[in-house]
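The sequence shown begins at 1 in full-length UniProt numbering and counts up one residue at a time. The beta carbon of each residue, even a glycine, is placed where N, CA and C say it ideally should be. This structure is a prediction, so every number in the text was calculated from the model and none was measured. Only one structure is covered here, and it is reproduced in the block below.
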Amino acid sequence: MPRIATATEVDRTELLDFARARHRGVLVTTRADGAPQMSPVTCGVDDAGRIVISTYPGRAKTRNIRRDPQVSICVLSDDWDGPYVQIDGRAEVLDMPEALDGLVDYYRCIAGEHPDWDDYRAAMARQNKSLIRIEVQRWGPVATGGFPPSQDQPSQD
């Protein structure tokens with residue numbers, strides 16, 4: 001039986017529950033010339049319902065967000081054929097030392113408790129990490145790939 005594509009409309013709570021369980025994404029920012037710039041990222045959802053991403057101050061995505069905070073992220077399932085969703089929002093970049101508490105929250109929402117928070121904080125400061133936070137403004141349906149529901153299905157011969 002062929003797989004039929006799906007597109008399930010979800011409310012904000014369902015969206016955040018979906019994203020909370022998935023940590024792979026493709027972040028889309030805008031280059032200075034207006035072209036899209038895409039970055040594969042590890043992402044989480046913080047307690048305020050924002051998408052959070054750890055990065056460095058000099059990365060293209062960080063520079064782009066500082067210039068134009070409107071971004072999109074496609075949150076993907078671990079399985080290539082699994083469900084995904086596009087989220088659009090307004091991003092901000094936090095640098096050290098303001099990023100430190102947010103980076104702790106980022107780690108927790110992805111991996112749980114760290115065995116040594118003092119060591120983690122010191123490593124984040126030493127690496128001069130930054131944190132991207134995306135305020136969710138809109139989102140598409142949670143979708144899966146496959147044949148369009150209205151298309152004639154291929155035979156199983």
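Problem - Contact check, R24 vs L103, beta carbons under 8 Å - result: No. Outside cutoff.
Handout entry: Residues that DSSP places opposite W139 in a beta bridge
Key = When DSSP reads this structure, W139 sits in a beta bridge with I87.
Handout entry: Test item: CB-CB of R138 and D79 under 8 Å
Key = It is not a contact, given that the beta carbons lie outside the stated cut-off.
Exercise for the section: Could you tell me whether any Cβ in chain C is nearer than 8 Å to the Cβ of A48? Expected result: Chain labels in this structure do not include chain C; a single protein chain is all it has.
Handout entry: Limits of the unbroken alpha helix (DSSP H) element including D67
Key = According to the sequence as given, residue 67 is Arg; it is not Asp. Its alpha helix (DSSP H) spans residues 60-67.
Problem - Top-ranked residue by Cα proximity to V142, from I4, R3, E14, Q70 - result: The shortest Cα separation from V142 among I4, R3, E14, Q70 belongs to E14.
Exercise for the section: Return yes when the Cβ of V26 is within less than 8 Å of the Cβ of I73, no when it is not. Expected result: Their beta carbons are under 8 Å apart, which means I73 touches V26 by this criterion.
Problem - Contact set for R31: own chain, Cβ-Cβ below 8 Å, skip 5 residues either direction - result: If we look at R31 and ignore the five residues flanking it on each side, its Cβ neighbours are Q37, A60, N64.
Exercise for the section: Specify the secondary structure class of V41 as computed by DSSP and reduced to three states. Expected result: It is a strand residue.
Problem - Inter-residue Cα distance where the pair is A48 and P148 - result: Each residue's alpha carbon lies about 36 Å from the other.
Exercise for the section: Pick out whichever of M1, A21, S54 has its Cα sitting closest to the Cα of E92. Expected result: Nearest option by C-alpha distance: S54.
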